[in-house]
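Novice:
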């Protein structure tokens, strides 16, 4: 397994954006599925000791994913994603916002744009996250960086098990 896989996490405060690039030692189809199928997302989207639970997901333009990250003591932190565009195995984007258990979003949210590509069996995922509110982005940034980095490592581990199926 290639241990020299690229991982970058950069912040451009002027652009109110986070730029993440992560390579995975897996075919593009496995990585795409892990980002777009509810049963796979729930296996990696939350950093341990949290876990993810999707209430529903409709991965189509205009569709939504409503999910929670659940703490070890059972507290649920809900979020909703609305899919805005999808180009299969190439790109998709969505609007993400925290929400209450009744699906009411807590604005402002963030725009996520994900790009997928594969070269020699290594799949690269480039993620651009734009936050309309610089203040909101700055408040969440350190926790998000740690949590999402851990979640992407969960994904790498999940993909390593799939590669042998």
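In our numbering, the protein residues as written are 2 to 166.
Even for Gly, the Cβ is constructed at its ideal location relative to N, Cα and C.
These numbers come from a predicted model, not from an experiment.
By how many angstroms is the C-alpha of residue 70 removed from the C-alpha of residue 106?
Specialist: As a first step, residue 106 is located in the chain shown; it is residue number 105 there, counting from the start. As a first step, residue 70 is located in the chain shown; it is residue number 69 there, counting from the start. When only Cα atoms are considered, residue 106 and residue 70 end up about 15 Å apart.
Novice: Please report the straight-line C-alpha distance between residue 2 and residue 161, rounded to a whole angstrom.
Specialist: For the purposes of this step, residue 2 is taken as residue 1 along the chain shown, with counting starting at 1. For the purposes of this step, residue 161 is taken as residue 160 along the chain shown, with counting starting at 1. At residue 2 the pLDDT is 44, less than 50, meaning the model places this residue with poor confidence; the figure from the coordinates comes in the next sentence. If I take the Cα positions, the gap works out to 9 Å.
Novice: Tell me where the beta strand (DSSP E) around residue 174 begins and ends.
Specialist: The question about residue 174 has no answer, for the chain in this structure spans 2 to 166.
Novice: Using DSSP bridges, identify the partner residues of residue 205.
Specialist: Since the first and last residues shown for the chain are 2 and 166, residue 205 lies out of range.
Novice: Helix, strand or coil: which one does DSSP assign to residue 104?
Specialist: Position 103 of the chain shown, counted from the first residue, corresponds to residue 104. Coil.
Novice: Can you list the alpha helix (DSSP H) stretches of 4 or more residues lying completely in the region 22-59, in chain order?
Specialist: 29-37 and 39-45
Novice: For residue 73, would you say it is in contact with chain D, using Cβ-to-Cβ distances shorter than 9 Å as the test?
Specialist: Among the chains of the structure shown, chain D does not appear; only one protein chain is present.
Novice: Looking at the strands, I want to know which residues DSSP matches up with residue 9.
Specialist: Taking the chain shown and counting its residues from 1, one reaches residue 9 at position 8. 22.
Novice: From this set, 82, 112 and 55, which residue's C-alpha is nearest residue 41's C-alpha?
Specialist: Taking the chain shown and counting its residues from 1, the one referred to as residue 41 is at position 40. Per the Cα distances, 55.
Novice: Three or more C-beta pairs closer than 8 Å, one from the region 124-131 and one from the region 17-37: is that the case here?
Specialist: yes
Novice: Work out the CA separation of residue 133 and residue 153 for me, nearest whole Å.
Specialist: Sequence index remark: in the chain shown, residue 153 carries index 152 (1-based). Sequence index remark: in the chain shown, residue 133 carries index 132 (1-based). Computed Cα separation, rounded: 24 Å.
Novice: Buried or exposed, going by whether 16 or more other CB atoms sit within 10 Å of the CB of residue 94?
Specialist: As a first step, residue 94 must be located in the chain shown, where it is residue number 93. With 16 or more other Cβ atoms within 10 Å, it is buried.
Novice: Using the Cα positions of residue 67 and residue 80, report the straight-line distance between them to the nearest angstrom.
Specialist: As a working mapping, residue 67 is identified with position 66 in the chain shown. As a working mapping, residue 80 is identified with position 79 in the chain shown. Computed Cα separation, rounded: 6 Å.
Novice: For residue 142, which residues from the same chain have a beta carbon less than 7 Å from its beta carbon, with the 5 sequence-adjacent residues on both sides left out?
Specialist: By one-based count along the chain shown, residue 142 stands at place 141. Closer than 7 Å at the Cβ level, and outside the excluded window around residue 142, lie 12.
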